[in-house]
Amino acid sequence: MSTTNYPSLRGFEHEYADVNGTRLHYVIGGQGDDLMVLLPGWPRTWWQFRKLMPKLAERFRVVAVDIRGMGDSDKPGCGYDKKNMARDIYELVRSLGYSKAHICGEDIGGMVAYSYAVNHPEATDKLALWETIHPNEGFYGIPMLPQPAQDGLQWWLAFNMVKDLPEAVLTGRFRTVQDWIIEHYSGSPESYTEEDRAIYAAAYNTSDAIRAGNAWYQEWHQDMVDDKEYPETPITVPTLFLAGKSAPLIFPMIEKKAADIRTVELAGAGHFLSDERPDDLLAVLEDFFV
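The sequence shown begins at 1 in the UniProt record's numbering and counts up one residue at a time.
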């Protein structure tokens, strides 16, 4: 049952699939021969791709997924390591009648997309990631305290790893977090309507939703174990990587992870490229995938 009242998106339908022991909600449309899967991040839902989907649907069969624990998908008590979540998507692709797909992801969804390409290369056409990198031991070096005048302390990375406390603090109050994240990590807060903000906040406003979303972070230790077992250059499919202001930091880390990679910086952009720079993002995606 839907927890969020989404506006209709012409040409797209809401569907559910039982895969890998959980139930996923997804939104599907388009008439192309190739399947394109879009995986969102925290604190968002499939709705973050609303500005991309109609145009992409002119060329592809497009599926925007609420990943395990997100939005209208189930929120089980386990299974949030990115390797298992990638298995969710692999089984979803198969259930839709496809043997492979283009995989795209942002933030947490990008971690799942990365793991999908590493663990299921035979089921991956091309991979596009933005503003993300798979958890690795380098994450232990992320500072907990800001330097004087430092902008961009990612406090939620540690906060979301704490069990039980976030639910107690934020249940019924998640709009405060949504607005803070938008104001501090978006390059253009004005790109979000009141409706957008309300939709995202509603998707994370219950104790169960907060618990499930935080589980994506609480499994980073297992993700790091998996990362150490992957080859030195784990991605073998053509890969596109985009970033906003994080580009100077993140490009050197991602470039060695794929044998065939193209990096693109969207100058002046913040973290949520699909929300705030959809036209620029679309232009790069279409050039890469078509």
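A virtual CB, placed ideally from N, CA and C, is assigned to each residue, including glycine.
Source: prediction; values computed, not measured.
Buried versus exposed call for residue i [16 or more other C-beta atoms within 10 Å across all chains shown]
i	result
Asp164	exposed
Gln31	exposed
Phe272	buried
Ala57	buried
Cys104	buried
Arg277	buried
Val225	exposed
Ile142	exposed
Tyr140	exposed
Ser95	exposed
Val162	exposed
Asn5	exposed
Span separating the alpha-carbon of residue i from that of residue j
i	j	result
Glu190	Tyr200	15 angstroms
Thr132	Ile261	15 angstroms
Met1	Gly71	Legend: pLDDT at Met1 = 48, less than 50; position of this residue unreliable, no value from coordinates given.
Met253	Asn136	10 angstroms
Ser73	His25	5 angstroms
Beta-carbon contacts of residue i that lie in its chain and below 6 angstroms, excluding the five residues immediately before and after
i	result
Gln147	none
Asn160	Asn214, Tyr217
Ala212	Gly69, Lys75
Trp130	Glu106, Leu242, Leu273
C-beta neighbour in chain C for residue i, strict 7 angstroms
i	result
Thr206	Reference to chain C is not applicable here, since this structure consists of a single protein chain.
Residue i - partner residues in DSSP beta bridges
i	result
Trp130	Glu106, Leu242
Met36	Val62, His102
Phe12	Gly29
Leu24	Ala17
Thr263	Phe241
Thr124	Ala101
Cβ-based neighbour list, residue i, same chain, cut-off 7 angstroms, excluding 5 preceding and 5 following
i	result
Leu282	Leu52, Lys55
Phe12	Val27, Ile28, Gly29, Met53
Inspect the CB distances between the segment 112-130 and the segment 82-99 and report whether three or more fall short of 8 angstroms.
Counting C-beta pairs with one atom in each stretch, the segment 112-130 and the segment 82-99 have three or more that are closer than 8 angstroms, which means they touch.
Would you call the segment 24-38 and the segment 63-74 touching, i.e. three or more CB-CB distances under 8 angstroms?
yes
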